[in-house]
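Just so you know, we're using full-length UniProt numbering here: the sequence shown kicks off at 1 and counts up by one.
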Amino acid sequence: EASETAGSGFLYSATPGADVCFARQHNTSDNNNQCLLGANGNILLHLNPQKPGAIDNQPLVTQEPVKATSLTLEGGRLKRAPQLIHGRDYEMVPEPVWRALYHWYGANLALPRPVIKNSKTDIPELELFPRYLLFLRQQPATRTQQSNIWVNMGMMSLRMFPQHLPRGNVPSPNAPLKRVLAYTGCFSRMQTIKEIHEYLSQRLRIKEEDMRLWLYNSENYLTLLDDEDHKLEYLKIQDEQHLVIE
């Protein structure tokens with residue numbers, strides 16, 4: 001019965017393996033039989049088999065309130081409540097199977113997830129909930145046009161030297177840096193800072209030696225992530241943790 005659906009693909013190049021989680025859809029009409037036979041063997045009713053519709057994985061994911069560009073290809077964050085149950089709400093298939101299903105039936109959403117080794121049991125598992133990270137970029141704070149004139153020119157009339165007045169908002173000389181949400185991304189808890197750093201460098205086209213990552217706790221409390229061998233799990237980095245890309 002071709003009534004089950006799947007979603008697959010790699011989250012990132014460093015993933016050692018990947019499986020697929022997909023929404024399980026139940027047929028309301030069982031039209032897989034070609035015909036019904038009477039006791040004497042005569043055909044009583046002939047049914048035309050119906051091709052299953054496109055795969056719909058949308059019910060499995062949450063609606064994100066954050067409006068920022070995603071840097072990864074996870075397809076969406078799976079719902080945590082109500083709890084999704086394997087075999088009832090979704091199934092998992094290898095990527096080649098997902099590609100075949102997608103080719104046959106189509107789909108609105110692919111949900112690739114990495115296969116990792118559990119750090120405690122050393123048993124492979126499908127990581128349904130990779131870490132959802134929020135990336136901030138730094139930019140100079142801006143002042144209004146008028147305030148910049150007062151800072152740079154002193155208490156002069158704004159009507160003096162109109163041809164020299166700056167246009168638009170420009171940073172003041174001593175303006176503090178402003179951190180704004182720029183991107184989101186999902187990464188396995190077993191990925192190292194080095195792997196994430198390399199991925200971001202390639203994705204954003206920034207030279208590795210020119211980029212640093214900071215763990216953002218508050219405006220006045222940032223920690224440089226300089227030990228590249230540490231994994232997200234070891235650093236206890238959880239969902240919706242803010243990181244600053246410098």
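We put the CB at the ideal spot given by N, CA and C, even for glycine.
- Distances from the CA of Thr223 to each of Pro114, Trp214, Asp210, His230 were compared; the closest alpha carbon is that of Trp214.
- In this structure, Gly75 lies near Leu111, with their beta-carbon atoms less than 8 Å apart.
- The three-state secondary structure of Val66, taken from DSSP, is coil.
- Within a 10 Å sphere around the beta-carbon of Ser188 sit 16 or more other beta-carbons, which makes this residue buried.
- In the structure shown, Pro114 falls within a strand segment according to DSSP collapsed to helix, strand and coil.
- Per DSSP, the unbroken beta strand (DSSP E) holding Arg179 starts and ends at 177-187.
- Looking at the DSSP output, Thr223 sits in a beta bridge with Leu215.
- Inclusion of Gly185 and Leu235 in the CB contact set at 8 Å is not warranted, their separation being larger than that value.
- Comparing alpha carbon positions, the residue from Pro82, Leu84, Tyr183, Pro114 closest to Ser70 is Tyr183.
- Spanning the alpha carbons of Trp98 and Asn57 requires a straight line of approximately 12 Å.
- Annotated three-state conformation of Lys231 is strand, per DSSP.
- Under the DSSP assignment, Pro140 falls in the beta strand (DSSP E) whose first and last residues are 131-140.
- Beta-carbon to beta-carbon, Ala68 and Leu181 are separated by about 5 Å, close enough to satisfy the 8 Å threshold.
- When the beta-carbon positions are compared, Leu243 and Leu73 stay at least 8 Å from each other.
- Inclusion of Val93 and Arg77 in the CB contact set at 8 Å is not warranted, their separation being larger than that value.
- In summary, Thr192 is buried, with 16 or more beta-carbon neighbours lying within 10 Å of its beta-carbon over all protein chains present.
- From the listed residues Arg131, Ile55, Pro65, the smallest Cα separation to His103 is found for Ile55.
- C-alpha of Tyr105 to C-alpha of Asp227: approximately 46 Å in a straight line.
- Following the DSSP letters along the chain, one finds Leu126 in no alpha helix (DSSP H) but inside the beta strand (DSSP E) bounded by residues 124-126.
- Judged by DSSP in its simplified three-state form, Glu91 adopts strand.
- Rounded to whole angstroms, the gap between the alpha carbons of Pro140 and Asp229 is 32 Å.
- In this structure, DSSP gives Ala100 a helical state, which the three-state scheme calls helix.
- Classified as buried, Ala23 has 16 or more neighbouring CB atoms from the shown chains inside 10 Å of its CB.
- If you draw a straight line from the Cα of Ala100 to the Cα of Ala107, it is about 11 Å long.
- Under the three-state reduction of DSSP output, Ile55 falls in the strand class.
- Out of Gln202, Gln241, Glu209, the CA that lies nearest to the CA of Ser218 is found in Gln241.
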